[in-house]
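Position 225 of the sequence shown, counting from 1, maps to 225 under full-length UniProt numbering, and the rest follow consecutively.
Quick notes on the structure that follows.
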Amino acid sequence: MVEVAAERGKQLSSRVSEEGAGWSCQRIGTFTGLRPDTKGFTWFSPRTLWHSRNQIVAGLLGDPSGQVRRRWVAEQAARGADPDFRVRPEVGESFSFLLLGDTGEGDASQYAVVPGLLKVGEGTSFAVIASDVLYPAGSGNEYENKFFRPYKDYDPPIYAIPGNHDWYDGLGGFMRVFCDAPPLKPKREFGLRALLWRKSDTIDERRLAEARRFRERPSQQATQPGPYWVIDTPSLLIVGVDTGIQGGIDAQQTEWLRRVSLDPRPKILVTGKPIYTRNDYKPSPLEGGGTIDDIIRAPEHRYVAAIGGDVHNYQRYPVRVGDRVIQYIVSGGGGAFMHATHTTRRVDVAGVHEDDFKCYPLRGDSLSFYSQLYAKRLRMKWIYLTPAEAACIMAEQIKNTPVRPVAGPITITRRMRWAARLLGAWPMPFRLPVGTVFHRYLSELSDWDTPPFFKQFLHLSVTPDLLKVRCFAATGCLPQEVDPPMEDEVHISLS
1 MVEVAAERGK
11 QLSSRVSEEG
21 AGWSCQRIGT
31 FTGLRPDTKG
41 FTWFSPRTLW
51 HSRNQIVAGL
61 LGDPSGQVRR
71 RWVAEQAARG
81 ADPDFRVRPE
91 VGESFSFLLL
101 GDTGEGDASQ
111 YAVVPGLLKV
121 GEGTSFAVIA
131 SDVLYPAGSG
141 NEYENKFFRP
151 YKDYDPPIYA
161 IPGNHDWYDG
171 LGGFMRVFCD
181 APPLKPKREF
191 GLRALLWRKS
201 DTIDERRLAE
211 ARRFRERPSQ
221 QATQPGPYWV
231 IDTPSLLIVG
241 VDTGIQGGID
251 AQQTEWLRRV
261 SLDPRPKILV
271 TGKPIYTRND
281 YKPSPLEGGG
291 TIDDIIRAPE
301 HRYVAAIGGD
311 VHNYQRYPVR
321 VGDRVIQYIV
331 SGGGGAFMHA
341 THTTRRVDVA
351 GVHEDDFKCY
361 PLRGDSLSFY
371 SQLYAKRLRM
381 KWIYLTPAEA
391 ACIMAEQIKN
401 TPVRPVAGPI
411 TITRRMRWAA
421 RLLGAWPMPF
431 RLPVGTVFHR
441 YLSELSDWDT
451 PPFFKQFLHL
461 SVTPDLLKVR
471 CFAATGCLPQ
481 EVDPPMEDEV
491 HISLS
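Have a look at this one:
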């Protein structure tokens, strides 16, 4: 089933045609019937931004995630959790699973992923959510429409690692839902951080019990041991780490990670913070010194890939480490607003050649998307760039051939160049919020509820000798629901 879908998906992707990208979307997908309402989620709300304030407070006054995580881990150990935090699903040497990141806005862009995910996910053994299960602040009272309802028809269990937004609730909602953990006892703190810090919500247990009914089948049940874990299978270990708010790995989790990494089986890392993104190298620091990539690169640990969420698009960097290649992947397009790819300069980080780098959406589609968004939102019609115009501008900037063939000659005008500059395709002192400078605080302005959405998820199939990683797209358009486009594929040897 997946092999047939993959072969068909290659010919239907954004890399082949504008139709594959969803630009000529004449029929909206069936996902609209899955949503409980049309109000959805918005970042244009002072209340939403105030609930997300812990990101700024942590940056200014310190991130307490490490200390709070140790308390959660101690409580889980006291409740009898596996000391190595292992999850042992009932799978054989060959199996498949799904992975998606940054899902839980509960709006159109999240539900648009669901039909294709269910189709491609037939026969998979489980799914993993990598970062930010719930926006804006991980409250245990908001899981119904942002987790249980959208995935009610996915029959296998779902595991997760928390992202920074899940930590804005002190991890209370996440631990209650995924680990069946009671709340931590309140700890009295003093100082400015304690005054400004958003406290965990008190969970309405009746409301949560009603929400759980959407995923109440026995096959869907799973209780993971903690916020970090290792999924133990005969052919591959899937190691999930918790990077808190600022991305750091505390000493206790570091010791655990070093210990489970000594297992001789091949491994992939799942992390809330990607190691390579936007042509930059950003490995999570380890308390006590070094970075998480020191563990990933050590040949005796046999990591073949590292997959991170947090950044809301797809990127893949094949990095040569000694005599092997490790695939560093960003997979954060599971439902939240889209982060731009067109602001990524010509790739050369860690010796990765531009032609070997893959991203979704394509840079030209990203530039055209943002030009359309701001042309409408700011009533600046002159800033709009067609997909073909944007593809040619990006090819000129990146100095490569457009990934998707462009029909007819395109003359790049002065207006088009200024629009591209303002949208971040070239560095300049001022630009609209699309890139790294605005990512942390203002990129929520790019929240959008009209197709194409440029969302994505991964299908990973495992045999004793081979790991296949495939990136499937979700645009919100009916043709891409019926035949999900495959935007990237990589085969990784496990022997």
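Even glycine gets a Cβ: it sits at the ideal position worked out from N, Cα and C.
Determine, for residue i, whether the minimum Cβ-Cβ distance to residues of chain C falls below 8 Å.
i: G116; result: Among the chains of the structure shown, chain C does not appear; only one protein chain is present.
So, using beta-carbon positions, are residue i and residue j closer together than 8 Å?
i: G333; j: F148; result: no
i: R88; j: D155; result: no
i: I158; j: F126; result: yes
i: C477; j: G138; result: no
i: Q128; j: I238; result: Strictly speaking, residue 128 in this sequence is Val, with Gln absent from that position. Taking 8 Å as the Cβ cut-off, V128 and I238 qualify as a contacting pair.
i: V113; j: G309; result: no
i: L236; j: R278; result: no
i: V2; j: H459; result: yes
i: L385; j: A420; result: yes
i: D325; j: N313; result: Reading off the sequence, residue 325 comes out as Val, not Asp. Contact: no.
i: R316; j: D488; result: yes
i: Q252; j: V469; result: no
i: R404; j: V120; result: no
i: K146; j: G116; result: no
i: G351; j: R320; result: yes
Does residue i come out as helix, strand or coil in the three-state DSSP assignment?
i: Q456; result: strand
i: V352; result: coil
i: V16; result: coil
i: L208; result: helix
i: residue 496; result: Past the edges of the chain, shown from 1 to 495, lies residue 496, and the structure says nothing about it.
i: F174; result: helix
i: R470; result: strand
i: I295; result: helix
i: H301; result: helix
i: I410; result: coil
i: L360; result: Before going on, a small fix: residue 360 reads as Tyr here, not Leu. Three-state DSSP puts Y360 in a strand.
i: C25; result: coil
i: I329; result: strand
i: R258; result: helix
i: M486; result: strand
i: S461; result: strand
For residue i, tell me which candidate among the options has the shortest Cα-Cα distance.
i: D465; options: E75, P405, P234; result: P234
i: S284; options: V403, R278, K273; result: K273
i: G222; options: Q252, F178, S261; result: Reading off the sequence, residue 222 comes out as Ala, not Gly. Among Q252, F178, S261, the Cα nearest to that of A222 belongs to F178.
i: M380; options: V469, L423, C359; result: L423
i: D355; options: T401, L117, R8; result: T401
i: V185; options: R193, G191, K199, L192; result: Checking the sequence, you will find Lys at residue 185 rather than Val. Closest option to K185, Cα to Cα, is K199.
i: P451; options: R15, E3, A6, Q26; result: Q26
i: L196; options: N54, V73, Q480; result: N54
i: T343; options: Q327, D365, R324; result: D365
i: K358; options: M486, P183, D242, R69; result: M486
i: D82; options: G226, E205, A181, K119; result: G226
i: Y228; options: P361, G240, Y317; result: G240
i: A130; options: L100, V120, Y143; result: L100
i: V482; options: W23, G289, E189, L118; result: L118
i: C471; options: K282, I307, H353, L208; result: I307
i: T124; options: G104, F95, V349; result: F95
i: A340; options: G322, W23, P361; result: P361
>> Using a Cβ distance threshold of 8 Å, determine whether the region 243-262 contacts the region 57-74, with at least three qualifying pairs required.
In response: yes
>> Below 8 Å, how does it come out for the region 166-178 and the region 358-376: are there three or more Cβ pairs, yes or no?
In response: no
>> To test your reading of the DSSP string, which unbroken alpha helix (DSSP H) runs of 4 or more residues are found completely within the region 90-162?
In response: 108-111, 114-120
> Pairing CB atoms from the region 289-306 with CB atoms from the region 255-272, are three or more of them under 8 Å?
Replying inline: yes
> Does the region 381-400 touch the region 4-13, meaning 3 or more C-beta pairs lie closer than 8 Å?
Replying inline: no
>> Report the start-end ranges of each alpha helix (DSSP H) in the region 191-249 that is 4 residues or longer and not cut off at the edges.
In response: 192-196, 205-212
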